[in-house]
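Taken in order, these protein sequences are the chains called A and B.
First residue of the first sequence? That's 1 in this note's numbering, and the numbers climb one at a time after it.
First residue of the second sequence? That's 1001 in this note's numbering, and the numbers climb one at a time after it.
C-beta: ideal position from N, C-alpha, C; glycine also.
For clarity, every value in this text was computed on a predicted model and none was experimentally measured.
Shown next, in structure tokens, is the structure this report addresses.
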Amino acid sequence: MAFVVLGLVNARRNLGRSALAVASMAVAALVVTSLLSLSTSAHPGAMLPERFLLGGDVIITGLKLASGARDLDPAASLPDSWRLGRAPRDGAGIWAEIVPWIWQYGYLAPGGEGGAAGLFLTPEQVDGIIAGLAANPRVRAALPVAMIPVLEPADSSRADGRTGPVLGFLLGRDPALDRETFGRYLSEDLMAGGVYLDGSDLARAAVVDALRSQRGYSSVYPGMVLSCLVPSMSESPEGTPFFDYSAPKEAQFPVVGAIRTPTELQLVDDALVPTYWGTGAILVSDETLRLVAEESGLSRAPVTAVAVRARDLVNVKSFVAEIREAFPGLTVVSVAELVAATSGTGSIAPLLSEVTAGQVAGSLVPRAVPLDLDLVFAAIAFTIAALLVASNLLVLLTARKREIGVLRAIGARAADVAVMVVTEALVLTAAGCFLGYWPVRLLSTIALVSNRLSLGRIAALTLGHFGMVLGMGLGFAALFALLPAVATTRLTCTEALRNG
Amino acid sequence: MVSPNLRAVNLTKTYHVNELVWAVRNLYLDIFPGDFAVVTGPSGSGKSTLLHLLAGLDRPIYGEVVLEGSRYSRLDEDGLARLRRRRIGFVYQFFNLVSYLSALDNVALPLQFAGQPQHQARSKASELLALVDLSPRRRHLPSQLSGGEQQRVAIARALANDPDFLMADEPTGNLDSVRTKEIAELFARLNREMHKTVIVVSHSTEFHPYSNRVLTMVDGRLADGEGRS
């Protein structure tokens, strides 16, 4: 105990060097804390293979979409085409869904429970949009884009001349959300709200349920084969085909990837539903699309919408303006804007990357263990800091050889002196971790609050993370403090006194 | 017949400083309970080295030190540390107090090393400081004490674990004549009243009147007949 006290006293006494050691450890803790605050590992549910996000999506549709609570008012006169399972308002195109939408905080946003965005484009219109975008030099200059036709058939002609397999969105929901919960959401929260939902949504929930209960996956993995229900195809009185969820059919899909909208980062802290709002759009191959079409009784896969993926969220606003100007007759929806509106704060989720062919290909290999480089960076940062602390201690011990000699002469064992040295290192490290963690914690909280991001993200950095930072710091410090500690054990007291 | 409680047998220690130096050479010495031995001799004669070997602070290259049957050569560094802690109090010329601890804490340190709780250690340290007439200065740091006072703190520290042996290496080397006399009298008192076996290395003759043995070292050896009584 006496040596622990001596270590503490020494840490306090050599303020200059201690401050240096504390500062180096603080910087390491700061780096690690920053990594943690940004890390997806701080946010449950975010798994690497599923981090293909569509933050910059801009959806161009043939319909005006709901954009506020009034639009969901059952008393309001909604166009039929907004409703699930209903026919589009005219026969010029094909009804389909892009993503489900959620009514939250008075807004519609991609979510899953709230309904569907109908759209109504002919294949010619889709090709025209793609061609128009590709030909618009301002759009191209401002923002390189990738254009992903939704539910596009393999044999469709593409105005941009690209060939080969294409990916489409198969409507899905966050598979982590179970059927019971989903049903409760529908029946209690939204059904009560009006006429917007009906039994077909429950059938849709069964699709999700299949993902979860049949396969036992907490999420969708690339490479897995989904056995689930798909909607059948019906025709409107006007003769327009549409998906009918009231009579689902059994089908199997190989999954080649998974896509989620930015809403996944809006964590819902619910002990019963450890999940997030999410639109689990599952990427399937064109072959799967064909199978879906066949199972659904479609003569051909429906051409639906065009999702234009922006690479940079910063420019989405101007980009959307460009598209709206280019296509005045169509509704252009920015997912980012909707997410911002949905968050109730006006801020958007962090920048999300474009899905590349390479990413999709890479995602084909199932990964049992999520890869998290944060730990590697953390280890590097702490190693450097601990080396600094250790080197400081070595210098300090050289200057204190005489003192060590005295301690040994009056009966201190080598191990006792080593305890003193390690204690000193641990004290400095703990101080550094404290100084490194809490300012970042404070700053991140201020930043997040001032950016009006959801509280879930702020709360994601918890005391547990401080424990992690402290634990890592102390572990590394203890390891590297052994170096100077062992050096002291090799000193005889006569050597120490003579050379000190 | 009283048998020696500390023996040096054929003790030899060399150093390499550009050339081989025989600091202590084939030395035999018996120290008896209650002895007050003064080791004297010219600089470089090996006095301090001998004292360090006897205290277990250093190891000989040859020979043996035996303290009441315990052979130093059979003890590892920690064993020697324990032996120093319990049996030997050592006083240095330059006091060697821990600069950031008060006089009281310096004296309490060996007691804490020996496992005594802090309050007990401090209580005993207070008594020891009273013994060396330093009670009023117990809260002072070494830098706030005079040389003589620092040396008395060092002596109190050496007495902390009530050792049988009190060894001092030029304890008055840094003190004026008045303080030298005070320290010499203190050692004599400790020898006389507390029955400590005292071995002092000193150039000063102030210790001679109080000692029962004066050992003279020359070239690493004791003068003829001085090592053994």
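Of all residues in the segment 1195-1214 of chain B, none is placed with a Cβ closer than 9 Å to any Cβ belonging to chain A. Ranking B:L1104, B:T1040, B:L1129, B:A1037 by CA distance to the CA of Q1118 (chain B) puts B:L1104 first. Among the CB atoms of chain A, one or more fall inside 8 Å of the CB of E1077 (chain B). Note on geometry: alpha-carbon atoms of S1143 (chain B) and A1168 (chain B) lie some 21 Å from one another. Taking 8 Å as the threshold, the shortest C-beta distance from V427 (chain A) to chain B does not fall below it.
Neighbours of N1174 (chain B) in chain A, taken as residues at a C-beta separation under 7 Å, are lacking, since the least C-beta distance is about 15 Å. A Cβ of chain B is located within less than 8 Å of the beta carbon of A412 (chain A).
DSSP assignment within the segment 1180-1211 of chain B yields the following whole beta strand (DSSP E) runs of 3 residues or more, N-terminal first: 1197-1201. Put simply, of B:A1081, B:L1011, B:L1141 the residue whose alpha carbon is nearest the alpha carbon of V1107 (chain B) is B:L1141. Residue-level contact by beta carbon holds for E403 (chain A) and chain B, with a gap shorter than 8 Å. In terms of CA proximity to S1099 (chain B), A:V406 leads the group A:T383, A:V32, A:I384, A:V406. The continuous beta strand (DSSP E) containing L1029 (chain B) extends over residues 1019-1031.
Considering only beta carbons, the part of the segment 1090-1113 of chain B lying closer than 8 Å to chain A consists of F1090, Y1092, N1096, L1097, V1098, S1099, Y1100, L1101, L1109, P1110, Q1112, F1113, in chain order. Listed along the chain, the chain B residues whose CB falls inside 7 Å of the CB of A485 (chain A) amount to none; the nearest CB is some 15 Å away. Assignment of beta-bridge partners to A28 (chain A) by DSSP yields no partner. For the 8 Å CB-CB criterion, R1085 (chain B) and P1060 (chain B) do not form a contact. CA-to-CA, the gap between D1162 (chain B) and I1155 (chain B) works out to about 11 Å.
Chain order gives no chain A residues near A1023 (chain B), where near means a beta carbon separation below 7 Å; the closest approach is about 11 Å.
Annotation: F480 (chain A) to A390 (chain A) spans about 6 Å, alpha carbon to alpha carbon.
Scanning its chain for C-beta atoms nearer than 6 Å, with the 5 sequence neighbours on each side dropped, one finds around N1010 (chain B) the residues N1026, G1063, in chain order. Listed as beta-bridge partners of L20 (chain A) by DSSP are no residues whatsoever. Sequence-distant Cβ neighbours of A431 (chain A) in its own chain, meaning closer than 6 Å and more than five residues away, are V22. For A21 (chain A), no Cβ of chain B is located within less than 8 Å of the residue's own Cβ. Judged by DSSP secondary structure, A1168 (chain B) falls within the beta strand (DSSP E) whose first and last residues are 1165-1169. Annotation for R1086 (chain B): the continuous alpha helix (DSSP H) segment containing it runs 1077-1087.
Taking 7 Å as the cut-off between beta carbons, the residues of the segment 1051-1064 of chain B near chain A are H1052, L1057, D1058, in sequence order. Taking a cut-off of 8 Å for Cβ pairs, the segment 1215-1223 of chain B and the segment 1181-1198 of chain B do not touch, as fewer than three such pairs fall below it. A straight line joining the alpha-carbon of V422 (chain A) with that of S1211 (chain B) spans about 45 Å. The beta-carbon separation of V1002 (chain B) and P1033 (chain B), rounded to 7 Å, stays under the 8 Å limit for a contact. By the neighbour-count criterion, in which a residue is buried when 16 or more other Cβ atoms sit within 10 angstroms of its Cβ, V1178 (chain B) is exposed. In its chain, beyond the 5 residues on either side, E1206 have a beta carbon closer than 7 Å to the beta carbon of K1181 (chain B). For V406 (chain A), the residues of chain B that pass the 7 Å Cβ criterion are N1096, V1098, in the order they occur in the chain. For V406 (chain A), the enclosing alpha helix (DSSP H) begins and ends at 401-409. Minimum Cα-Cα distance from P1042 (chain B) among the listed residues B:S1204, B:R1213, B:H1208, B:P1209 corresponds to B:S1204. Among the residues facing chain B, A409 (chain A) is included, as its CB has a counterpart in that chain under 8 Å away.
Taking 8 Å as the cut-off, the beta carbon of S1070 (chain B) is found no closer than this to the beta carbon of L1051 (chain B).
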